[in-house]
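Participant: Sending over a structure as structure tokens; questions will come in a sec.
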Amino acid sequence: MPVPRRLAPLLALPAAALLLAGCAATSTASSDADEAANADTASSGYPLTLDNCGTEVTLEQAPERIVTIKSSTLELLLALGLEDRIVGTAFGDGPVPDEYADAASGLEVLSDKVPSQEVTLAAEPDLVFAGWESNLSAEGAGDRGTLAKLGVATYVAPAACKEQGYMPNPLTFDEVFREFEEAGEVFGVPDAAADLVAQQRAELDAIEPSDASLTALWYSSGDDTPYVGAGIGAPQMIMDAAGLENVAADVEDTWTSMSWEAIVAANPDVIVLVDAAWNTAEQKIAHLESNPATAALPAVQQQRYLIVDFPATEAGVRNVGAVASLVDQLGRLGG
Numbered sequence: 000m001p002v003p004r005r006l007a008p009l010l011a012l013p014a015a016a017l018l019l020a021g022c023a024a025t026s027t028a029s030s031d032a033d034e035a036a037n038a039d040t041a042s043s044g045y046p047l048t049l050d051n052c053g054t055e056v057t058l059e060q061a062p063e064r065i066v067t068i069k070s071s072t073l074e075l076l077l078a079l080g081l082e083d084r085i086v087g088t089a090f091g092d093g094p095v096p097d098e099y100a101d102a103a104s105g106l107e108v109l110s111d112k113v114p115s116q117e118v119t120l121a122a123e124p125d126l127v128f129a130g131w132e133s134n135l136s137a138e139g140a141g142d143r144g145t146l147a148k149l150g151v152a153t154y155v156a157p158a159a160c161k162e163q164g165y166m167p168n169p170l171t172f173d174e175v176f177r178e179f180e181e182a183g184e185v186f187g188v189p190d191a192a193a194d195l196v197a198q199q200r201a202e203l204d205a206i207e208p209s210d211a212s213l214t215a216l217w218y219s220s221g222d223d224t225p226y227v228g229a230g231i232g233a234p235q236m237i238m239d240a241a242g243l244e245n246v247a248a249d250v251e252d253t254w255t256s257m258s259w260e261a262i263v264a265a266n267p268d269v270i271v272l273v274d275a276a277w278n279t280a281e282q283k284i285a286h287l288e289s290n291p292a293t294a295a296l297p298a299v300q301q302q303r304y305l306i307v308d309f310p311a312t313e314a315g316v317r318n319v320g321a322v323a324s325l326v327d328q329l330g331r332l333g334g
């Protein structure tokens, strides 16, 4: 068979020259592949290092096997479309919202409370996403240093950081949305996080807060001594956005204890009741109406109650919905 004219010069080259040329081509291709890989890694945002509640966390790639602790962390990942990466959930505060029910239906529940380190590690996670710093302790899912040595990264919802300089003071919706964006970076889905923020900002902007200048008590739990929403956390943020004045706004904390005497003296116009499986709104109403001191409050006598689900009381994807719900309930109360 005749040799095509364009191949003849190559066939005329000595074998050694062809070998050298092949090596050079292989080296160039390898170099190009390395550069492309490095470019892909850089464009993906990894490796990623961040200061999370005072702990340095470095991720070489997007986490693929995630354990969530608390509803706030689970629901954020579901909102970002990451249910396929969740290998276990724990310490849920109640059912997920209807919009996430299908995505959450097949997830394994590791524990109703904080899972032990043994249970956590059995799920073989590469990252544990905790709603509270206290979830990551030797008595809980494992302390952060120990888990890191075992190859398991940890990430705490930033709004839950307690140390000065890390705890939001006060928590704002801008900070909540920033945390969604940070989660988008951590889990490698920045576009999904941007879409979530845009959607929630639009929903928040569409809410018209009450202009009735009503005072409110945010009653979370407690019988002998009530535990209430204070001046710098999610309850304050939600009440502000709904147009309510928190009677405990002067306390520089996320939550605080408040005596019944102080509550009676404050005489709130409305009472926000946190509805939790372990301490329902109905139980709180029964206590308010049976306690001689609070039974005389006009808000109790007129049943000027507003109800919010417990999972909406921590920074997360339910906060905007909680504002809308409070405003709607106020409208039905005539406030």
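Everything in the sequence shown is counted per numbering that gives the first Met the number 0, starting at 0 for the first residue and increasing by one.
C-beta: ideal position from N, C-alpha, C; glycine also.
Just so it is clear, the structure is predicted and the values come from calculations on it, not from any experiment.
1) Just curious, the alpha helix (DSSP H) that T72 is in, first and last residue?
2) How many whole angstroms separate the CB atoms of A229 and L325, which I take to be in contact at a CB cut-off of 8 Å?
3) Would you call N359 buried or exposed, if buried means 16 or more other Cβ atoms sit within 10 Å of its Cβ?
4) Can you tell which of A233, S212, A159 has its C-alpha closest to the C-alpha of W131?
5) Alpha carbon to alpha carbon, what distance is there between P46 and A38?
6) Going by C-alpha distance, which of D125, I85, Q328, G144 is nearest I270?
7) Using a Cβ-Cβ cutoff of less than 6 Å, which residues in the same chain neighbour F309 once the five nearest sequence positions on both sides are dropped?
8) Could you spell out where the beta strand (DSSP E) holding G315 opens and where it closes?
9) Indicate whether G183 and L73 have their beta-carbon atoms separated by less than 8 Å.
10) Can you tell which of A100, V56, G105, D194 has its C-alpha closest to the C-alpha of F128?
11) Can you list, in chain order, the residues of its chain with a C-beta nearer than 6 Å to that of E107? Leave out the 5 residues immediately preceding and following it.
12) Would you mind listing the alpha helix (DSSP H) stretches within the region 257 to 309 that are 4+ residues and don't spill past its ends, in chain order?
13) Exposed or buried, what is A11 when buried is set at 16 or more other beta-carbons lying within 10 Å of its beta-carbon?
14) Would you list the residues sitting across from Y226 in a DSSP beta bridge?
Facilitator: Here's the rundown:
1) Counting along the chain, the alpha helix (DSSP H) containing T72 begins and ends at 70 to 78.
2) Contact annotation, A229 with L325: C-beta distance approximately 17 Å; criterion of less than 8 Å not satisfied.
3) Residue 359 is absent from the structure shown; the chain starts at 0 and stops at 334.
4) Relative to the Cα of W131, the nearest Cα in the group A233, S212, A159 belongs to A159.
5) For A38, the pLDDT reaches just 40, beneath the cut-off of 50, and the residue's location in the model is therefore unreliable, leaving the point undetermined.
6) Selection D125, I85, Q328, G144 evaluated against I270 yields Q328 as nearest (Cα-Cα).
7) Only D92, V273, A275 meet the Cβ criterion.
8) Per DSSP, G315 is not a residue of any beta strand (DSSP E), being assigned neither H nor E.
9) Taking 8 Å as the Cβ cut-off, G183 and L73 do not qualify as a contacting pair.
10) When each option's Cα is compared against that of F128, the closest is V56.
11) Around E107: G87.
12) Every alpha helix (DSSP H) stretch that sits fully inside the region 257 to 309 and reaches 4 residues is listed by chain position as 259 to 265, 280 to 289, 291 to 294, 297 to 300.
13) Low confidence applies here, because A11 scores a pLDDT of 40, under 50, leaving its location unreliable and the question unanswered by this model.
14) The partner list for Y226 (beta bridge, DSSP) reads S220, S256.
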